[in-house]
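Visitor: Residues are numbered in our numbering as their position in the sequence shown, beginning at 1, plus a constant of 19. This is the structure, below, for whatever I ask next.
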Amino acid sequence: MSDLKVKDLRKFYGRRGDIVGVDNVSLEVPQAEMLVLVGPSGCGKSTTLRCLAGLESPDGGVIEFGDQKIFDSAKGVAVPIHRRDIGLVFQNYALWPHMTGWANIEFPLKSRRVGREERKKKVAAIAEVVDLDGRLLDKRPAQLSGGQQQRVALARALVAEPKIVMFDEPLSNLDAALREQLRSEIRRLHEQINFTGVYVTHDLTEAMLLGDRVAAMANGAIVQLGRPGELFDSPATSRIARMMGYRRLCSITSRHGHWSGSDCTFAGPVPQGLSMSQSYELLVRPEHIAIASVEQDINSLSDQRYCIGGGIVTGAGYLGGEQELSVEFLGRNLRLVVPLGQSFVPGDRVNLSALVSDTRIFPLAEQPSTTSSREMEA
Ligand code: ADP
Ligand code: MG
Numbered sequence: 020m021s022d023l024k025v026k027d028l029r030k031f032y033g034r035r036g037d038i039v040g041v042d043n044v045s046l047e048v049p050q051a052e053m054l055v056l057v058g059p060s061g062c063g064k065s066t067t068l069r070c071l072a073g074l075e076s077p078d079g080g081v082i083e084f085g086d087q088k089i090f091d092s093a094k095g096v097a098v099p100i101h102r103r104d105i106g107l108v109f110q111n112y113a114l115w116p117h118m119t120g121w122a123n124i125e126f127p128l129k130s131r132r133v134g135r136e137e138r139k140k141k142v143a144a145i146a147e148v149v150d151l152d153g154r155l156l157d158k159r160p161a162q163l164s165g166g167q168q169q170r171v172a173l174a175r176a177l178v179a180e181p182k183i184v185m186f187d188e189p190l191s192n193l194d195a196a197l198r199e200q201l202r203s204e205i206r207r208l209h210e211q212i213n214f215t216g217v218y219v220t221h222d223l224t225e226a227m228l229l230g231d232r233v234a235a236m237a238n239g240a241i242v243q244l245g246r247p248g249e250l251f252d253s254p255a256t257s258r259i260a261r262m263m264g265y266r267r268l269c270s271i272t273s274r275h276g277h278w279s280g281s282d283c284t285f286a287g288p289v290p291q292g293l294s295m296s297q298s299y300e301l302l303v304r305p306e307h308i309a310i311a312s313v314e315q316d317i318n319s320l321s322d323q324r325y326c327i328g329g330g331i332v333t334g335a336g337y338l339g340g341e342q343e344l345s346v347e348f349l350g351r352n353l354r355l356v357v358p359l360g361q362s363f364v365p366g367d368r369v370n371l372s373a374l375v376s377d378t379r380i381f382p383l384a385e386q387p388s389t390t391s392s393r394e395m396e397a
């Protein structure tokens, strides 16, 4: 059974209700799964989370926790936040400033009327799980570092063993080293305690490392939901591909039944499954771009490769066993890493290519205005 079910969730802001917070978001989170909502700032991640938590009143939709209906706009159901069995972790820690770490962690137990002895046991146990020692627990938030405060916040969210734990960019205020450390600790906590989690981040690495499944959001909607590997290998849109680290190489279009580059020299096998009446963009991860000197015949490279055209090496540096190159291509600067042995110097003219299987092709938003009706039919 799913621990969390959301159907057609909608929330709009603004006096005229014309600012989209979320529009028709539906999702299910099975028990003990960590679902990550990822996307650029303003895409509706926090709005979704705040609606689930009860911090925000949705304009429409249904939310269920297990078999309990938490929100139903049509039936006027709206369970208040303190009656939802959840733990919350925010970016800004949101600890009670006048309470010690211990008292902050103890708070959810007190409000659930857990007895004194039991509280003591539970706070001590969870403090150990999140690696907070007794000395720190006697301090107030202002006397703790950011990382320590976030450990207190994690312990507070987990101590009452809520069914669902929600995180809104919990690591975004921490420096890079601490972020990495807490990131793997959150993963360990999830494996150890097995809560059902909803985790919001704009950071792709965090999403891929923490999510059992990842929902990529844009403009208040979920564009793709799947396992991290699925989004990585088969991004549904060019926007998600970009989020996954793919970069646009060039555009291709068909003329008289042949595919050619509209801004590059395109050669290689005939792309499969494309409509002749549409232009496309070719995306690839930079580490999958291969370069060869122009003397090499591009058609002899391989029948599994798209050759994308020529660039000029503008910089070269050594990185251990590899060479890092800056290559100017279509007016852009690509940073490429190539194995040593292939040696290039600034000024070299090179051909760029990528394996067909590493390439992702998406329709370009605008149709070329020059496409004639005959080509449209081709
Ligand atoms: P994210 O968390 O993905 O960065 P949010 O869910 O916070 O995005 O915001 C989604 C959209 O809703 C944004 O356009 C944002 O400006 C708008 N929004 C969020 N909260 C409010 C609010 N309280 N008042 C008006 N607009 C809001
Ligand atoms: Mg947000």
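Note that CB positions come from ideal geometry on N, CA and C, so glycine has one too. Please read these numbers as outputs of a predicted model, since none were measured by experiment.
#1: Given a threshold of 16 other Cβ atoms within 10 Å of its Cβ, counted over all protein chains shown, does Leu301 qualify as buried or as exposed?
#2: Going by DSSP, which residues form a beta bridge with His277?
#3: Output the boundary residues of the beta strand (DSSP E) element that contains Leu56.
#4: Please determine, among Met295, Glu314, Pro49, Ile145, the residue with the shortest C-alpha to C-alpha distance to Leu383.
#5: How would you call Lys94, buried or exposed, if buried means at least 16 neighbouring beta carbons within 10 angstroms?
#6: Give the range of the beta strand (DSSP E) segment to which Cys326 is assigned.
#7: Leaving out five residues on either side along the sequence, give the residues of the same chain with a beta carbon under 7 Å from the beta carbon of Arg35.
#8: Starting from Ala87, follow the beta strand (DSSP E) in both directions and report where the run begins and ends.
#9: Using a Cβ-Cβ cut-off of 6 Å (strictly less than) and excluding sequence neighbours within five positions of Arg69, which residues of its own chain qualify?
#10: May I ask you to check if the CB of Ser65 is nearer than 7 Å to at least one heavy atom of ligand 1?
#11: Are the CB atoms of Leu54 and Arg246 within a distance shorter than 8 Å?
#12: DSSP three-state call for Ser21: helix, strand or coil?
#13: Is the beta carbon of Glu188 within less than 7 Å of some heavy atom of ligand 2?
#14: Does the Cβ of Ser191 lie closer than 7 Å to at least one heavy atom of ligand 1?
#15: Rank Ile38, Val57, Arg29, Ala51 by C-alpha distance to the C-alpha of Val418 and give the top, closest one.
#16: Who are the Cβ neighbours of Asp152 in its own chain at under 8 Å, not counting the five residues just before and after it?
#17: By Cβ distance, which residues of its chain are closer than 7 Å to Leu250, with the 5 residues on each side in sequence left out?
#18: Quick one: what does DSSP say Tyr180 is sitting in, helix, strand or coil?
#19: Which whole-angstrom value is the C-beta distance of Leu190 and Pro160, which I expect to be below 8 Å?
#20: Does ligand 4 have a heavy atom nearer than 7 Å to the CB of Tyr32?
#21: Going along the chain, which residues of its own chain have a beta-carbon closer than 6 Å to the beta-carbon of Pro254, five neighbours each way excluded?
#22: Using a Cβ-Cβ cut-off of 6 Å (strictly less than) and excluding sequence neighbours within five positions of Leu201, which residues of its own chain qualify?
#23: Opposite Met185 in the DSSP bridges: which residues?
#24: Is any non-hydrogen atom of ligand 2 found closer than 7 Å to the C-beta of Val55, if you look at the structure I gave you?
#25: Is the number of C-beta pairs between the segment 115-128 and the segment 72-87 that are closer than 8 Å three or more?
#26: Would you check whether ligand 2 has a heavy atom nearer than 7 Å to the C-beta of Val108?
#27: Between which residues of its own chain and Gln87 is the CB-CB distance below 8 Å, once the five residues before and five after are set aside?
#28: Identify every run of the beta strand (DSSP E) within the segment 336-371, keeping only runs that are complete inside it and at least 3 residues long; order them along the chain.
#29: Of all Cβ atoms in chain B, is any one closer than 8 Å to the Cβ of Met295?
#30: Spell out the partners DSSP gives Met236 in its beta bridges.
#31: Grouping DSSP H, G and I as helix and E and B as strand, with all else coil, what is Pro387?
#32: Considering only residues of the same chain and omitting the five flanking positions on each side of Ile331, which have a CB-CB separation below 6 Å?
#33: Name the two residues that bound the continuous alpha helix (DSSP H) containing Phe251.
Guide: Looking at the coordinates:
#1: buried
#2: Arg274
#3: 53-57
#4: Met295
#5: exposed
#6: 324-338
#7: none
#8: Looking at the sequence provided, one finds Gln at residue 87 rather than Ala. 87-91 is the span of the beta strand (DSSP E), which, as asked, contains Gln87.
#9: Glu75
#10: yes
#11: no
#12: strand
#13: yes
#14: no
#15: This structure does not reach residue 418, given that the chain is present from 20 up to 397, and the question cannot be answered.
#16: Ala146
#17: Val233, Ala235, Gln243, Ile259, Met263
#18: According to the sequence as given, residue 180 is Glu; it is not Tyr. The answer is coil: DSSP assigns Glu180 none of H, G, I, E or B.
#19: Going by Cβ atoms, the distance from Leu190 to Pro160 rounds to 17 Å, so no, they are not a contact pair.
#20: The model on display carries ligand 1 and ligand 2 but not ligand 4.
#21: Ala260, Met263
#22: Leu190
#23: Leu107, Val217
#24: no
#25: no
#26: no
#27: Val98
#28: 341-348, 351-358
#29: Among the chains of the structure shown, chain B does not appear; only one protein chain is present.
#30: Ile241
#31: Model confidence at Pro387 stands at a pLDDT of 42, short of 50, so the residue's coordinates are unreliable; what they give is reported in the following sentence. Looking at Pro387 - three-state DSSP - the assignment turns out to be coil, as it is neither helix nor strand.
#32: Glu347, Arg368
#33: 247-252
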